[in-house]
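Down below is the structure, laid out as structure tokens.
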Amino acid sequence: MQQKARALRINLRDNVAIALEDIPAGVGVLIEGLDREVVIALHSIPFAHKIALSSIKRGELILKYGVPIAFALADIPIGEWIHEHNAKSYHEARRGGEIP
Amino acid sequence: MSPLRGYQRREGPPGIRNLVACIHTVECSSFVAEEIAGASPSVHTLGFPGCYNNPYASRIMTALACHPNVGAVLLVSLGCEGTDAGTMAETIRQTGRPVDIIRIQEAGGTEQAIRRGKKIVGDMLAGLEKTPRVEMSISDLTIGTECGGSDATSGIAANPAVGHAFDMLVDAGATAIIEETLEMVGCAEIVASRGASMQVAEQLRETVRKAEEFSLKANQSSIAVGNRHGGLTTIEEKSMGAFAKCGTRPIRGIIKVAQKPPGHGLFVLDSVPDPSSFLLGYSNPNDSEGVLDLISCGAHMVLFTTGRGSVIGSVISPVLKICGNPRTYARMSADMDVNAGRIVTGEAGLVEIGEQIFNAVLEVAAGQQTKSEALGHREYCIPYKYQDVCENA
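Following this line, the structure appears as structure tokens:
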């Protein structure tokens, strides 16, 4: 039985979980706050960084604390690491005039 | 859980502590005030260092003197500073609290002032022993929250757990206050959507806009490189990590420093300076200043979250510390009241730690000392500040 890493989903609406340890790529991740759900990490995910719990299309919202904290810059598959390379701030995009 | 028994005050909610406040109205009288207070755990020294009159400082000192946890007040003045101790004493007297003033110049200097002060405080302490105890419910409590020494665990463990405790407190009828409007800059629309009415939502937008303008002028904060390494992708995410402390209930209104929330439920405290001809430093120069702002609005207790580790307490109200980082907790457990690091290690869930915080609030309200309180922490900080207030109370 392969040992699983752990991540925490803070709000039931969230489509991301937060790594509770450094997670290597290819490892099964047990999502705390969700019964027995396991997601395979597609990329190494450092402690406190985000892992996608569902597939998120380009332009869709990334939800943490049950609220949008970013939008996807590309299609993001389940288990992918989410950070600046594939997600962006609405606040900054609006300030920069990129979106209304 | 036995019913809470508070200290009855002539007006306002009961206190959970029964203290003498020994207040120096200028730095020049701080030594004398400290000597008068001595080592008594029931006499708390605080004050304002400035010599020039600052209405904000007078307001916050008066509010702290009239706090539910304070039963009697000694003002220690040098005699020539801008703060008017006489006017302050008159306001305090109207709340039914015993109040006295020592003016060091009139008293004849250090030794005479200390001797007279010790006699007055001794009499006040004897009087406080006769304070009637009254039954108190959760709805009589006002609880504040603040964070300091945050790290990557704060937004995962300690802050959401406090948010859960805040929901429980609000549902039980308590009054709850969150500060840090500067932290809300990245989530202004989410904060506004929590307003209990369209009017409150608009006031929240305006308050966060003011905080953002002030921070740009004072060159204060935004998302830092360290935050990004810690996994925070956007300013919204960082902001929400701090805002998570206040839970999920509607925000009933906005108050300023030294103002009492006009009802039960959740309130936002705006402690950011209003535009004035002076730009008086930073909005909240340190954690102790922020904690004292919450206490000046009547907070019986402050829930303080940390990750890297903070040791502060406060004058007047107990500070309950919640540590989200398990390694920090292991290193500094004698300073921490609740180990929210158990969320990170998988030993407990957010809900369980939230309930533990809620129970700790009731125990501290019933008289149990927090770690910082037992260690004797009595931090305070009152800076020069300018805030507009419409006197509606």
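Here the protein sequences line up with chains A and B, keeping their order.
Residue numbering for the first sequence follows the numbering used here, beginning at 94 and increasing consecutively.
Residue numbering for the second sequence follows the numbering used here, beginning at 10 and increasing consecutively.
Ideal placement from N, C-alpha and C gives every residue a C-beta, glycine not left out.
Requested in this report: Answer yes or no: does any C-beta atom of chain A fall closer than 8 Å to that of Thr242 (chain B)?
Outcome: As a working mapping, residue 242 (chain B) is identified with position 233 in the second sequence. Yes, because at least one Cβ of chain A sits closer than 8 Å to the Cβ of Thr242 (chain B).
Requested in this report: Give the interface partners of Val353 (chain B) over in chain A, defined as CB-CB distance under 7 Å, in chain order.
Outcome: As a first step, residue 353 (chain B) must be located in the second sequence, where it is residue number 344. Chain A residues near Val353 (chain B): Leu113.
Report task. Kindly indicate if chain A contains any beta-carbon less than 8 Å away from that of Pro335 (chain B). Result -> Residue numbering aside, residue 335 (chain B) sits at position 326 when the second sequence is read from its first letter. It does not; no Cβ of chain A falls within 8 Å.
Query raised in the report: With DSSP run on the structure shown, which of helix, strand or coil describes Gly164 (chain B)?
Result: The residue labelled residue 164 (chain B) in the question sits at position 155 within the second sequence. Note: Gly164 (chain B) maps to helix in three-state DSSP.
Query - DSSP-derived helix/strand/coil call for Asn368 (chain B) - result: Here residue 368 (chain B) refers to the residue found at position 359 when the second sequence is read from its first residue. Judged by DSSP in its simplified three-state form, Asn368 (chain B) adopts helix.
**Report entry** Start-to-end residues for the beta strand (DSSP E) that takes in Asp344 (chain B)
**Finding:** The count along the second sequence starts at 1 and reaches residue 344 (chain B) at position 335. Neither: Asp344 (chain B) is in no beta strand (DSSP E) and is coded neither H nor E.
Query raised in the report: So, Glu114 (chain A) versus Arg99 (chain A), is the Cβ gap smaller than 8 Å?
Result: Here residue 114 (chain A) refers to the residue found at position 21 when the first sequence is read from its first residue. Here residue 99 (chain A) refers to the residue found at position 6 when the first sequence is read from its first residue. Going by C-beta atoms, Glu114 (chain A) is nearer than 8 Å to Arg99 (chain A).
Requested in this report: Could you check which residue in B:Lys219, B:Leu137, B:Phe287 has the C-alpha nearest to that of Gly80 (chain B)?
Outcome: The residue labelled residue 80 (chain B) in the question sits at position 71 within the second sequence. Taking Gly80 (chain B) as reference, the option from B:Lys219, B:Leu137, B:Phe287 with the minimal CA-CA separation is B:Leu137.
Query raised in the report: So, does the CB of Ile171 (chain A) fall closer than 8 Å to a CB anywhere in chain B?
Result: Within the first sequence, numbered from 1, the residue matching residue 171 (chain A) stands at position 78. No - not a single Cβ of chain B is within 8 Å of the one on Ile171 (chain A).
Query - CA nearest to the CA of Ser51 (chain B), picked from B:Ile25, B:Tyr61, B:Glu36, B:Val35 - result: Taking the second sequence and counting its residues from 1, the one referred to as residue 51 (chain B) is at position 42. Checking every option, the nearest Cα to that of Ser51 (chain B) belongs to B:Ile25.
Query - For Lys128 (chain B), the three-state DSSP class (helix, strand or coil) - result: By 1-based counting over the second sequence, the position of residue 128 (chain B) is 119. In the three-state DSSP reduction, Lys128 (chain B) falls in the helix class (H, G or I).
Query raised in the report: What residue does the alpha helix (DSSP H) around Gly95 (chain B) start on, and which one ends it?
Result: Position 86 of the second sequence, counted from the first residue, corresponds to residue 95 (chain B). Counted as a single uninterrupted DSSP element, the alpha helix (DSSP H) harbouring Gly95 (chain B) occupies residues 94 to 102.
Query - Min CB distance Ile103 (chain A) to chain B below 8 Å - result: In the first sequence, the residue the question calls residue 103 (chain A) occupies position 10. Yes, contact with chain B.
Query raised in the report: What's the gap between the Cα of Thr34 (chain B) and the Cα of Gly307 (chain B)?
Result: One-based indexing of the second sequence puts residue 34 (chain B) at position 25. One-based indexing of the second sequence puts residue 307 (chain B) at position 298. C-alpha separation (whole angstroms): 21 Å.
Requested in this report: Return the chain-ordered list of same chain residues with a C-beta closer than 8 Å to the C-beta of Met94 (chain A), the five sequence neighbours on each side being excluded.
Outcome: Numbered from 1 along the first sequence, position 1 holds the residue referred to as residue 94 (chain A). Below a pLDDT of 50, predicted positions are generally treated as unreliable, and Met94 (chain A), at 40, falls in that range; no measurement from the model is reported.
Report task. Below 7 Å CB to CB, which residues in the same chain sit around Arg125 (chain B) once its five sequence neighbours on both sides are set aside? Result -> Position 116 of the second sequence, counting from 1, holds the residue named residue 125 (chain B). Cβ neighbours of Arg125 (chain B) beyond the five flanking positions: Ile111, Ala116.
Query raised in the report: Within the chosen definition, does the stretch 305 to 319 of chain B reach the stretch 67 to 85 of chain B through at least 3 CB pairs nearer than 8 Å?
Result: The stretch 305 to 319 of chain B makes contact with the stretch 67 to 85 of chain B; the number of CB pairs closer than 8 Å reaches 3 or more.
**Report entry** Rounded C-alpha distance that separates Ala46 (chain B) from Cys31 (chain B)
**Finding:** The residue given as residue 46 (chain B) occupies position 37 in the second sequence. The residue given as residue 31 (chain B) occupies position 22 in the second sequence. Put simply, the backbone Cα of Ala46 (chain B) is about 7 Å away from that of Cys31 (chain B).
Query raised in the report: Which value, in whole angstroms, describes the spacing of the CA atoms of Arg187 (chain A) and Thr216 (chain B)?
Result: Here residue 187 (chain A) refers to the residue found at position 94 when the first sequence is read from its first residue. Here residue 216 (chain B) refers to the residue found at position 207 when the second sequence is read from its first residue. Taking the Cα positions, Arg187 (chain A) is about 19 Å away from Thr216 (chain B).
Report task. Using a Cβ-Cβ cut-off of 8 Å, state whether Ala402 (chain B) counts as contacting chain A. Result -> Counted from its first residue, the second sequence places residue 402 (chain B) at position 393. Low confidence applies to Ala402 (chain B): its pLDDT is 40, below 50, so where it sits in the model is not reliable enough to give any reading.
Query raised in the report: By DSSP, does Met94 (chain A) sit in helix, in strand, or in coil?
Result: For the purposes of this step, residue 94 (chain A) is taken as the residue at position 1 of the first sequence. Caution applies to Met94 (chain A), whose pLDDT of 40 falls short of 50 and renders its modelled position unreliable; the model cannot decide the point.
Query raised in the report: Taking the alpha-carbon positions, what's the Met145 (chain B) to Pro12 (chain B) distance?
Result: The residue you call residue 145 (chain B) lines up with position 136 of the second sequence. The residue you call residue 12 (chain B) lines up with position 3 of the second sequence. If you take the alpha carbons of Met145 (chain B) and Pro12 (chain B), they lie about 7 Å apart.
Query - chain B contacts from the stretch 165 to 190 of chain A (Cβ-Cβ distance under 8 Å) - result: From the stretch 165 to 190 of chain A, only Ile175, His176, Glu177, Ala180, Lys181, Ser182, Tyr183, His184, Glu185 have a Cβ closer than 8 Å to chain B.
Report task. Drop a sphere of 10 angstroms on the beta-carbon of Asn228 (chain B), count the other beta-carbons inside from all chains shown, and report buried for 16 or more, exposed for fewer. Result -> In the second sequence, the residue the question calls residue 228 (chain B) occupies position 219. With fewer than 16 neighbouring CB atoms inside 10 Å of its own CB, Asn228 (chain B) falls in the exposed class.
Report task. Pick out whichever of A:Gly189, A:Gly190, A:Ile171, A:Phe164 has its Cα sitting closest to the Cα of His178 (chain A). Result -> Mapped onto the first sequence, residue 178 (chain A) falls at position 85. Per the C-alpha coordinates, the member of A:Gly189, A:Gly190, A:Ile171, A:Phe164 positioned closest to His178 (chain A) is A:Phe164.
**Report entry** Interface residues of chain A facing Gly358 (chain B) [CB-CB closer than 8 Å]
**Finding:** Here residue 358 (chain B) corresponds to residue number 349 of the second sequence, with the count starting at 1. Correct list: Glu125, Gly126.
Report task. Decide yes or no for the touch test of the stretch 359 to 375 of chain B against the stretch 160 to 170 of chain B: beta carbon pairs closer than 8 Å, at least 3 of them. Result -> The stretch 359 to 375 of chain B vs the stretch 160 to 170 of chain B: in contact.
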